[in-house]
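Trainee: Supplied in structure tokens, the structure appears directly below.
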Amino acid sequence: MNFKSVKKLSFSKLAQSPIVISLFSLILSLVVSGIIMAFAGFSPLEAYGAMFVGAFGGLSNFADTLGIATPLIFTGLAVTIAMRGGILNVGCEGQLYIGGMAAALTGAYVKGLPAIIHIPICFLAAMLAGGLWAVLAGVIKIRANANEVIITIMLNYIAIYLTDYLASYVFKADGMVVKTNEIMHSAVLPQLYPHSRLTIGLLFALLAMVFIAWILKSTILGYNIRALGQNPYAAEAGGIRKNRMILFTFLLSGALAGMAGAIEVQGVHTYFISNFSNGYGWDGLATSVLGQYNPFGTVLASLFYGAMRNGATMMDRMTKMPPDFVVIMQALAIIFIATPSIIRKVMSIFAKRRGQI
Amino acid sequence: MKGITKRFASTLANDHVDFSVEKGEIHSLLGENGAGKTTLMHILYGMTIPDEGEVYVNGHKANITSPREAINNGIAMVHQHFMLVEPMTVTENIVLGYEPRKGLCFDKSVAVQQVSELSKQYGLFIDPYAKVADLDVGTKQRLEILKALYRKADILILDEPTAVLTRGEVDDLFRVLRTLRANGKTIIIITHKLGEIMAISDRVTVLNNGKLIGVYKTAETNSAELAERMVGRHVSFSVQRTATEKPGPIALQLDNIHYIKNRVTKLRDINLRLHSGEVLGIAGVEGNGQTELVEIITGLVAASQGRIIVGNTEVPHPTPHRMIDLGVGHIPEDRNHRGLISSFSIRENIMLGYQTKSVFSHRGLIDITSSNNYAKKVLQEYIIKATGTEALASSLSGGNQQKVVIGRVLSQNPNVIIAAQPTRGVDIGAIEYIHQEIIRMKESGKGVLLVSAELEEVVKLSDRIAIMYAGEIVALDTPDNFDEYRFGTLMTGLGKRKDSD
Numbered sequence: 006m007n008f009k010s011v012k013k014l015s016f017s018k019l020a021q022s023p024i025v026i027s028l029f030s031l032i033l034s035l036v037v038s039g040i041i042m043a044f045a046g047f048s049p050l051e052a053y054g055a056m057f058v059g060a061f062g063g064l065s066n067f068a069d070t071l072g073i074a075t076p077l078i079f080t081g082l083a084v085t086i087a088m089r090g091g092i093l094n095v096g097c098e099g100q101l102y103i104g105g106m107a108a109a110l111t112g113a114y115v116k117g118l119p120a121i122i123h124i125p126i127c128f129l130a131a132m133l134a135g136g137l138w139a140v141l142a143g144v145i146k147i148r149a150n151a152n153e154v155i156i157t158i159m160l161n162y163i164a165i166y167l168t169d170y171l172a173s174y175v176f177k178a179d180g181m182v183v184k185t186n187e188i189m190h191s192a193v194l195p196q197l198y199p200h201s202r203l204t205i206g207l208l209f210a211l212l213a214m215v216f217i218a219w220i221l222k223s224t225i226l227g228y229n230i231r232a233l234g235q236n237p238y239a240a241e242a243g244g245i246r247k248n249r250m251i252l253f254t255f256l257l258s259g260a261l262a263g264m265a266g267a268i269e270v271q272g273v274h275t276y277f278i279s280n281f282s283n284g285y286g287w288d289g290l291a292t293s294v295l296g297q298y299n300p301f302g303t304v305l306a307s308l309f310y311g312a313m314r315n316g317a318t319m320m321d322r323m324t325k326m327p328p329d330f331v332v333i334m335q336a337l338a339i340i341f342i343a344t345p346s347i348i349r350k351v352m353s354i355f356a357k358r359r360g361q362i
Numbered sequence: 043m044k045g046i047t048k049r050f051a052s053t054l055a056n057d058h059v060d061f062s063v064e065k066g067e068i069h070s071l072l073g074e075n076g077a078g079k080t081t082l083m084h085i086l087y088g089m090t091i092p093d094e095g096e097v098y099v100n101g102h103k104a105n106i107t108s109p110r111e112a113i114n115n116g117i118a119m120v121h122q123h124f125m126l127v128e129p130m131t132v133t134e135n136i137v138l139g140y141e142p143r144k145g146l147c148f149d150k151s152v153a154v155q156q157v158s159e160l161s162k163q164y165g166l167f168i169d170p171y172a173k174v175a176d177l178d179v180g181t182k183q184r185l186e187i188l189k190a191l192y193r194k195a196d197i198l199i200l201d202e203p204t205a206v207l208t209r210g211e212v213d214d215l216f217r218v219l220r221t222l223r224a225n226g227k228t229i230i231i232i233t234h235k236l237g238e239i240m241a242i243s244d245r246v247t248v249l250n251n252g253k254l255i256g257v258y259k260t261a262e263t264n265s266a267e268l269a270e271r272m273v274g275r276h277v278s279f280s281v282q283r284t285a286t287e288k289p290g291p292i293a294l295q296l297d298n299i300h301y302i303k304n305r306v307t308k309l310r311d312i313n314l315r316l317h318s319g320e321v322l323g324i325a326g327v328e329g330n331g332q333t334e335l336v337e338i339i340t341g342l343v344a345a346s347q348g349r350i351i352v353g354n355t356e357v358p359h360p361t362p363h364r365m366i367d368l369g370v371g372h373i374p375e376d377r378n379h380r381g382l383i384s385s386f387s388i389r390e391n392i393m394l395g396y397q398t399k400s401v402f403s404h405r406g407l408i409d410i411t412s413s414n415n416y417a418k419k420v421l422q423e424y425i426i427k428a429t430g431t432e433a434l435a436s437s438l439s440g441g442n443q444q445k446v447v448i449g450r451v452l453s454q455n456p457n458v459i460i461a462a463q464p465t466r467g468v469d470i471g472a473i474e475y476i477h478q479e480i481i482r483m484k485e486s487g488k489g490v491l492l493v494s495a496e497l498e499e500v501v502k503l504s505d506r507i508a509i510m511y512a513g514e515i516v517a518l519d520t521p522d523n524f525d526e527y528r529f530g531t532l533m534t535g536l537g538k539r540k541d542s543d
């Protein structure tokens, strides 16, 4: 009888662990979407099979999965670092476009540099542009004491239309398509797998993960950010300069989102083209939540999202299943993770069953 | 109300309290912080369920378990913090939950008509179409009273109704209350301001430490007697202080500090000199400016006027960062609010405020080993019971949490210590320990500003005591020159010039 209680205890402890909750949410979302698919008259097994093949079947597919995950890692980390500082940055999409434009222009108009210098300069331009765009939101938040969610959302539209304007008129390349001039060859990111979306951008994404984790854990800056995020009143009493830290957090977050734009422009398109993002900035919110605001967790969640996005195209090709089902899956995963009490309840039902056996 | 008893954890908030009001009287409920006034009234209003005792309304036993039932019994409460829907109009707020209807729809014209009739009847003038967000505090309070009347309340409970009002507004309020009394309404006022009690109420019930002390007719008593009863005999004046050597140099000086917040003057003309090697106690009923005073000294808010001098340095624009740098240590009044980050480890909490010091970090990088050793030392030195330095602050008991806050500040060897309510919510053992630490700090030559609502604590530890009332320091003297009578009168605003007129 002691044994039973020990087991139950460990199970409930397990249910507190963020990784377990994330994983369980994902599994549950797959199960529930499977049920929905079955009700809609599709075979979930066939669909998941096609998705799996599309995401992981063969090196080429897997490379694309990683390639799609790369910008998601950046936007996810952008949301994560802001969230840890108590700031909900919903403006990644806009910061991504601004960063993408900066990378495209630096890539196209700065000439005569070797790749080893040109690529970092483009990155720097993208980070600076995205970061400053985010800082703008921070300034408005502080000055007007306004809610950053609304400001960052609104700045998204301004950023998207502003870059669209630049691509349509000021920096428009010749031809019918709304895009800027091709970037120099020296600014194009080398591919890690031929003819795929996978470039050295992934390495920089992983580097960014390590960097953000290090900032949060080992630096006073990260300590201050976390303190403000956890208890702004105590942080204030502890002499942490709140406004300065808010601006810095926005800068860091926007720089990461800007990097996502640079990766897409320099790695996939080789120019800035209108609407290139596919909602990477928005999905960054999802991967950050799914990763429980942990840098490593965010990367894992981004890989999962990359796999789902990539697998969806295969599912679309191989089955009659509409690719929109992937959106349902992603949404369910977020709903489950946002309601850990549901997860705990489901897990405790399993625990009870086990106890009866 | 008969034999009301309510326990919260180990404290008796109400200990077999009998309380009665007559129809058509204004009755004051008097007591210090934590005397049990609010608990007793929350029981009457159904917000708290008593452990023992019965409530009778108009002679009938009433089983009030929710505010809704209290309202059905004709009892309404006007809280200190108003419960109003700011973007809605006066009329909408008043009828909310009890709207007149036309079919399925809200009948606005009838509502407006009812509201204007009601306000005419009681002389509570208010524009029924005004938006609540645009009203001033006095009008909002009038609105709360109207809301109660609209719900056909016969018994109105007002919790510290004058705390947020200016003097002119207090007069208006009293006029309204007299009109209500003339209309046969019963009014209960929770308060600690004696001047107001003498001005408005018919009878007074005094509570102390959860116990009923007595019920007095205002006409047959005087404020001096009430003050003494309120403070009670629980203040022990047996002082075991070490004899005060001659005071050291000035550690902290406040000149002419004024602070105005939301048009209400919170602090007026504060002049204080805290010497090294002394404990200066700030006594007074909570909410008389102590919190604001601490926030100004620690740089959390900016004074509207006045100078702050630490040691020999005048600080023109104090910020928490600057004050910590100048050696002003802050033990915040609420450890869960400003004191601790509960999701941080003990080590991280001990760093807070001092994180850039070389024990904790070099060039922006946290030195985990060194900060861990430091935290270990603090755990040992301040006898904090914890599983380790990486345990979360939230895993500690209240007393140990407080010791973390205190250990953090005292181990940094500050010159000035601002200790606000340092023993609030901690067990007796921890209280004793914290008191010893404060004395130890004083003896090692620090200046300690002790802000506490516990009179006993202030008397026991302080070399000098300042009493705050309504944002002013109304007395500053050595403990021997105070007795319970003087404390009672000063803390309730009687010791200085008449303030109600």
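In the order they appear, the protein sequences are chains F and B.
Here the first sequence stands for residues 6 to 362, numbered as in the numbering used here.
Here the second sequence stands for residues 43 to 543, numbered as in the numbering used here.
Beta carbons are placed, not taken as given, at the ideal position from N, Cα and C, and that holds for glycine.
#1: I need the DSSP call for L126(B), collapsed to helix, strand or coil.
#2: Rounded to the nearest angstrom, how far is the Cβ of I425(B) from that of Y475(B), given a contact under 8 Å?
#3: In this structure, what does DSSP give as the bridge partners for I199(B)?
#4: Alpha carbon to alpha carbon, how far is L194(F) from I124(F)?
#5: Would you mind working out which of G353(B), E94(B), F124(B) and P142(B) sits nearest L177(B), comparing C-alpha positions?
#6: Rounding to the nearest angstrom, what Cα-Cα distance links L550(B) and G252(B) in this structure?
#7: Out of A195(B), A325(B) and G180(B), which has the shortest C-alpha to C-alpha gap to L518(B)?
#8: Kindly list, in the order they appear in chain B, the residues whose Cβ is closer than 9 Å to that of S223(F).
#9: Who are the near neighbours of F524(B) in its chain, counting only those whose CB is closer than 6 Å to its CB and skipping five residues on each side?
#10: Which runs of the alpha helix (DSSP H) spanning at least 4 residues fall entirely within the region 45-96 of chain B, listed in chain order?
#11: Sorted by chain position, which residues of the same chain lie with C-beta nearer than 8 Å to K247(F)'s C-beta, five sequence neighbours on each side aside?
#12: How many Å lie between F167(B) and H69(B) at the Cα?
#13: Out of Y228(F), A113(F), M323(F) and S353(F), which one is the CA nearest neighbour of K177(F)?
#14: Got a sec: is the Cβ-Cβ distance from P362(B) to anything in chain C below 9 Å?
#15: Give every residue of the same chain whose Cβ lies closer than 8 Å to the Cβ of V183(F), excluding the five residues on either side of it in the sequence, and list them in chain order.
#16: For the pair the region 64-71 of chain F and the region 124-135 of chain F, tell me if three or more CB-CB distances fall below 8 Å.
#17: Give me the residue from I197(B), N135(B) and G381(B) with the minimum Cα distance to N547(B).
#18: May I ask you to list the residues that DSSP assigns as paired with C147(B)?
#19: By Cβ distance below 6 Å, which residues in the same chain neighbour G440(B) in space, the five residues on each side in sequence not counted?
#20: Between which two residues does the beta strand (DSSP E) containing M510(B) stretch?
#21: Does DSSP put R405(B) in a helix, a strand or coil?
#22: Thinking C-beta only, is I460(B) closer than 9 Å to G371(B)?
#23: If you follow the beta strand (DSSP E) that Y301(B) is in, where does it begin and where does it stop?
#24: If we cut at 9 Å on Cβ distances, does L401(F) have a partner in chain B?
#25: Using a Cβ-Cβ distance cut-off of 9 Å, determine whether N66(F) contacts chain B.
#26: Please determine, among G88(B), A261(B), V157(B) and S384(B), the residue with the shortest C-alpha to C-alpha distance to R231(F).
#27: Could you list which residues in chain F have their beta carbon closer than 7 Å to that of S400(B), in chain order?
#28: Applying a beta-carbon distance threshold of less than 7 Å, which residues of chain B neighbour E241(F)?
#29: Over the uninterrupted beta strand (DSSP E) stretch that includes I350(B), give me the two end residues.
#30: Closest by CA to G430(B), which one among A462(B), R389(B), T221(B) and Q443(B)?
#31: Check H477(B) in the structure and name its three-state DSSP category.
#32: Are the C-beta of L394(B) and some C-beta of chain F separated by less than 9 Å?
#33: Please compile the residues from chain B whose C-beta is within a distance smaller than 7 Å of the C-beta of G244(F).
#34: Note down the Cα distance separating V516(B) from R310(B), rounded to an integer number of angstroms.
#35: Check whether chain F comes within 9 Å of L314(B), counting only Cβ atoms and requiring the distance to be less than that.
#36: Check whether the Cβ atoms of P170(B) and T133(B) lie closer than 9 Å to each other.
Mentor: So, to answer that:
#1: In the second sequence, the residue the question calls residue 126(B) occupies position 84. In the structure shown, L126(B) sits in coil (DSSP, three-state: anything other than H, G, I, E or B).
#2: Working through the second sequence from its first residue, we reach residue 425(B) at position 383. Working through the second sequence from its first residue, we reach residue 475(B) at position 433. Rounded to the nearest angstrom, the Cβ distance from I425(B) to Y475(B) is 7 Å, consistent with a contact under 8 Å.
#3: Along the second sequence, one-based indexing puts residue 199(B) at 157. Paired residues: M119(B) and I230(B).
#4: As a position in the first sequence, residue 194(F) is number 189, starting the count at 1. As a position in the first sequence, residue 124(F) is number 119, starting the count at 1. Cα-Cα distance, rounded: 7 Å.
#5: Position 135 of the second sequence, counting from 1, holds the residue named residue 177(B). Each of G353(B), E94(B), F124(B) and P142(B) was checked against the Cα of L177(B), and the nearest Cα belongs to F124(B).
#6: The structure shown has nothing for residue 550(B), since chain B only spans 43 to 543.
#7: Numbered from 1 along the second sequence, position 476 holds the residue referred to as residue 518(B). Comparing Cα-Cα distances from L518(B) to each of A195(B), A325(B) and G180(B), the minimum goes to A325(B).
#8: Numbered from 1 along the first sequence, position 218 holds the residue referred to as residue 223(F). Ordered by position in chain B, the residues that pass the 9 Å Cβ test against S223(F) are L407, I408 and I410.
#9: Position 482 of the second sequence, counted from the first residue, corresponds to residue 524(B). Correct list: empty, nothing qualifies.
#10: DSSP runs (the alpha helix (DSSP H)) wholly in the region 45-96 of chain B: 79-86.
#11: Here residue 247(F) is taken as the residue at index 242 of the first sequence, counted from 1. Listed in chain order, the non-local C-beta contacts of K247(F) below 8 Å within the same chain comprise L233, P237, A240 and E241, local neighbours out to five positions each way being set aside.
#12: Here residue 167(B) refers to the residue found at position 125 when the second sequence is read from its first residue. Here residue 69(B) refers to the residue found at position 27 when the second sequence is read from its first residue. Cα-Cα distance, rounded: 24 Å.
#13: The residue labelled residue 177(F) in the question sits at position 172 within the first sequence. Per the Cα distances, A113(F).
#14: Protein chains in the displayed structure are F and B, and chain C is not among them.
#15: Along the first sequence, read from residue 1 onward, the residue named residue 183(F) stands at position 178. Cβ neighbours of V183(F) beyond the five flanking positions: D169, A172, S173, K177, I278 and S279.
#16: No contact exists between the region 64-71 of chain F and the region 124-135 of chain F.
#17: No statement about residue 547(B) is possible, as the shown extent of chain B runs from 43 to 543 and does not include it.
#18: For the purposes of this step, residue 147(B) is taken as the residue at position 105 of the second sequence. Beta-bridge pairing links C147(B) to K144(B).
#19: Taking the second sequence and counting its residues from 1, one reaches residue 440(B) at position 398. G467 and V468, listed in sequence order.
#20: As a first step, residue 510(B) is located in the second sequence; it is residue number 468 there, counting from the start. Counting along the chain, the beta strand (DSSP E) containing M510(B) begins and ends at R506 to Y511.
#21: In the second sequence, the residue the question calls residue 405(B) occupies position 363. Taken through DSSP and simplified to helix, strand or coil, R405(B) comes out as coil.
#22: For the purposes of this step, residue 371(B) is taken as residue 329 along the second sequence, with counting starting at 1. For the purposes of this step, residue 460(B) is taken as residue 418 along the second sequence, with counting starting at 1. With a cutoff of 9 Å on beta-carbon distance, G371(B) and I460(B) are scored as near each other.
#23: One-based indexing of the second sequence puts residue 301(B) at position 259. Where Y301(B) is concerned, the enclosing beta strand (DSSP E) stretches over I292 to K303.
#24: The structure shown does not extend to residue 401(F), since chain F is modelled only from 6 through 362, so no value can be given for it.
#25: As a first step, residue 66(F) is located in the first sequence; it is residue number 61 there, counting from the start. No, its Cβ sits nowhere closer than 9 Å to a Cβ of chain B.
#26: Translated into the one-based positions of the first sequence, residue 231(F) becomes position 226. Comparing Cα positions, the closest option is S384(B).
#27: Counted from its first residue, the second sequence places residue 400(B) at position 358. Below the 7 Å Cβ cutoff, chain F contributes no neighbours of S400(B), its closest Cβ being approximately 12 Å away.
#28: Counting from one through the first sequence, the residue named residue 241(F) turns up at place 236. Here the neighbours are L342 and P362.
#29: Numbered from 1 along the second sequence, position 308 holds the residue referred to as residue 350(B). Q347 to V352 is the span of the beta strand (DSSP E), which, as asked, contains I350(B).
#30: Start at 1 with the first residue of the second sequence, and residue 430(B) comes out as number 388. Of A462(B), R389(B), T221(B) and Q443(B), the residue nearest in Cα terms is R389(B).
#31: Walking along the second sequence from the start, residue 477(B) turns up at place 435. The three-state reading of DSSP puts H477(B) in helix, counting H, G and I together.
#32: Here residue 394(B) corresponds to residue number 352 of the second sequence, with the count starting at 1. So, interface residue.
#33: Working through the first sequence from its first residue, we reach residue 244(F) at position 239. In chain order: P362, H363, I366 and G395.
#34: In the second sequence, residue 516(B) corresponds to position 474, counting from 1. In the second sequence, residue 310(B) corresponds to position 268, counting from 1. Linking V516(B) to R310(B) through their CA atoms gives a straight-line distance of about 11 Å.
#35: Locating residue 314(B) in the second sequence gives position 272, where the first residue counts as 1. Chain F, which has no Cβ nearer than 9 Å to the Cβ of L314(B), makes this no.
#36: As a working mapping, residue 170(B) is identified with position 128 in the second sequence. As a working mapping, residue 133(B) is identified with position 91 in the second sequence. Going by C-beta atoms, P170(B) is nearer than 9 Å to T133(B).
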